[in-house]
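Residue numbers (this note's numbering): 5 to 600.
Ideal Cβ placement from N, Cα and C applies to all residues, glycine included.
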């Protein structure tokens, strides 16, 4: 084992081994009849003996929560059932991100299956902004809509919802963003993150909350005999949408979310949803999808419509039964995504210049400009957060000095609560979110006060802001085999709250390194004993890691990364994805330890 506590890596991070209760690890391995490495990884993730069986085999049967504990659910069900019986027109009002699109598509498809007149509305990001707005609600009311169900938005929409009430338009809010002490006027606000709500569902995405609504609604309609005239929908068919929204909204893959994603991936592999099937084909995804594919291939393409294209494209794709339309939208989303990537690269470059100065002056990064595209500022905030290990806000101001901001946070700093506090202090016009992400609107004249407000509160937390990478264990190259990776698959799906295991490989030589693509370094690494492994360091050329690998001069490295299985010409091959490295000469031996 190596002592990394006094060394910063090539990317400026400190490596930290996850604490592991060895007695628990052994007990887990023995009780579950699993390999030792599985027991150790479960223990380091604080999975107990009681929870472990459900973690390894997550099912809705064992993990689904009874929705009836959610405040206002009864009111929501009564109003929806009334609309169904009286054949009122319902409109689903969603957000323009993947969670909003999947939540909207989920409710839309359900209502269509049971013969209900339903439509959806997704606001334009640039023209209307986030959440319900007065002109849109007035327009929907005039078109004959009697009931609006907002999904992934609405918890802080006081003025629009009050206006809706005044004109006799009923609104039900289905959301997961942090609430304020005073909730807006609505028939029901079903949100596990209401301040007056205690719920085991506080880590669900909006699409997860929407699924719970359908569980309760399906049960209510069944009890009232509705399905004597319509076949009862099988809610499991919609789990592909629930999985997609959960992963793309970066919700922790634990407990119920883990069941949603595990089972949803199985549904998605059957390619029953025409839009998702077409999108997977367009993206070149032929294998069974994983959580990685949802977060990095499918999600960005659906998001691209709301970011730089047409906000309705995502929902239209996820709900259409027209193959030609699905093909057309998938193709357009592919184009929008490339456009988004180009815009993002330009904004990121400018934002990084500001961040390099801000990082030494504040506990939170706040960068702003007057011409940045609002559709990419959330992604840029995430990139800066990852690079600097600071909560990050990116703001785009218009010509009137009104800024749209998006933020991403780090563990230990609840950004959604901070934004809510700033709103209650009248420092921002509007805003909300959850622990790891938030959005807001601000006047430029209040920007300095806003910065001071946030900085003081983050400093008061007294957190160590040195970025860290956690280590799951130490591995020899000879142990990096397909059989070893098959053992690790017991812990999949990986994602937020259950990251892909990272291992350190010590005293490694770089046998060959070259640039591939625009910014990646492909390597062959080896040991003095002759073991070899293919490796790649993505997006590393413009960081200190890339040049160090290219110009290694025979030096030994400690390399940190995650293993993946590559299938090439019918053969399984292990590849290492390098995340970071240290020069071996700059560390000290701590004690001798056996490798995994």
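Residue i (DSSP reduced to helix, strand or coil)
| i | result |
| --- | --- |
| residue 371 | strand |
| residue 498 | coil |
| residue 599 | Here residue 599 scores only 43 on pLDDT, less than 50, and its place in the model is too uncertain to base an answer on. |
| residue 396 | strand |
| residue 447 | strand |
| residue 3 | A query on residue 3 cannot be resolved here, the shown segment of the chain reaching from 5 to 600 and no further. |
| residue 11 | coil |
| residue 172 | coil |
| residue 570 | strand |
| residue 88 | helix |
| residue 232 | helix |
| residue 160 | coil |
| residue 215 | helix |
| residue 123 | strand |
| residue 536 | strand |
| residue 75 | coil |
| residue 594 | In this predicted model, residue 594 has a pLDDT of only 45, less than 50, meaning its place in the structure is not dependable; the value taken from the coordinates is given anyway. Residue state, collapsed to three classes: coil. |
| residue 282 | helix |
Continuous alpha helix (DSSP H) stretch holding residue i: start and end
| i | result |
| --- | --- |
| residue 58 | 56-60 |
| residue 134 | From DSSP, residue 134 is part of no alpha helix (DSSP H); its letter is neither H nor E. |
| residue 303 | 303-312 |
| residue 18 | First-last for residue 18: 18-21, but that is the beta strand (DSSP E), not the alpha helix (DSSP H). |
| residue 267 | 259-273 |
| residue 252 | 243-252 |
| residue 30 | 26-36 |
| residue 474 | Here residue 474 belongs to no alpha helix (DSSP H); instead the beta strand (DSSP E) covers 472-475. |
Spatial neighbours of residue i in its chain, beta-carbon cut-off 6 angstroms, leaving aside the 5 residues before and after
| i | result |
| --- | --- |
| residue 389 | 396 and 412 |
| residue 157 | 99 and 135 |
| residue 243 | 267, 268 and 271 |
| residue 123 | 95 |
| residue 601 | This structure cannot settle anything about residue 601, because the visible part of the chain is limited to 5 through 600. |
| residue 253 | 103 and 209 |
| residue 601 | For the chain, the structure presents residues 5 to 600; residue 601 sits outside this window and is missing. |
| residue 313 | 340 |
Own chain residues within Cβ distance below 7 angstroms of residue i, not counting five before or after
| i | result |
| --- | --- |
| residue 341 | 304, 305 and 308 |
| residue 325 | 278 |
| residue 289 | 297 and 301 |
| residue 317 | 309, 333, 336 and 337 |
| residue 49 | 502 |
| residue 491 | 39, 41 and 42 |
| residue 144 | 95, 125 and 152 |
| residue 568 | 579 and 581 |
| residue 113 | 242 and 323 |
| residue 433 | 445, 446 and 447 |
Counted within 10 angstroms of its Cβ, other Cβ atoms place residue i as buried (16 or more) or exposed
| i | result |
| --- | --- |
| residue 238 | exposed |
| residue 209 | buried |
| residue 17 | buried |
| residue 348 | buried |
| residue 45 | buried |
| residue 236 | exposed |
| residue 598 | Because residue 598 sits at a pLDDT of 37, beneath the cut-off of 50, its placement in the model cannot be relied upon, and the following sentence gives the value as read from the coordinates. By the neighbour-count rule (16 or more Cβ atoms within 10 Å), residue 598 is not buried but exposed. |
| residue 179 | buried |
| residue 128 | exposed |
| residue 139 | exposed |
| residue 405 | exposed |
| residue 505 | buried |
| residue 594 | Reliability of the predicted coordinates at residue 594 is poor, the pLDDT of 45 falling under 50, and the value obtained from them is presented with this limitation in mind. Classification of residue 594: exposed, given that the 10 Å Cβ count is below 16. |
| residue 437 | buried |
| residue 577 | exposed |
| residue 232 | exposed |
| residue 409 | buried |
Any C-beta of chain B under 8 angstroms from that of residue i
| i | result |
| --- | --- |
| residue 120 | Of the protein chains in the structure, only one exists, and it is not chain B. |
N- and C-terminal bounds of the beta strand (DSSP E) containing residue i
| i | result |
| --- | --- |
| residue 516 | 507-520 |
| residue 192 | 192-194 |
| residue 147 | Element bounds for residue 147: n/a, residue is neither H nor E. |
| residue 579 | 575-587 |
| residue 377 | Premise fails: residue 377 is in no beta strand (DSSP E) and is neither H nor E. |
| residue 97 | 93-98 |
| residue 528 | 524-530 |
Residues near residue i in its chain [Cβ-Cβ closer than 8 angstroms; skip 5 each side]
| i | result |
| --- | --- |
| residue 544 | 523, 524, 525, 550, 553 and 582 |
Note to self: For the structure I just gave you, are there three or more beta carbon pairs, one from the stretch 508-527 and one from the stretch 545-558, closer than 8 angstroms?
What the structure shows: By the Cβ test, the stretch 508-527 is in contact with the stretch 545-558, since at least three Cβ pairs between them sit closer than 8 angstroms.
Notebook entry, point to check: Are three or more beta carbon pairs between the stretch 418-436 and the stretch 374-386 nearer than 8 angstroms?
Noted result: no
Next item on the list: May I ask you to verify whether the stretch 516-526 touches the stretch 471-482, counting CB pairs closer than 8 angstroms and requiring at least 3?
Entry: no
Checklist line | Any 3 or more C-beta pairs closer than 8 angstroms across the stretch 480-488 and the stretch 525-535 | finding: yes
Margin query: I'd like to know if the stretch 256-265 and the stretch 64-71 are in contact, where contact means that at least 3 CB-CB pairs between them fall below 8 angstroms.
Written below: Between the stretch 256-265 and the stretch 64-71 there are three or more C-beta pairs closer than 8 angstroms, enough to call the two in contact.
Checklist line | the stretch 212-230 touching the stretch 73-88, judged by at least three CB pairs closer than 8 angstroms | finding: yes
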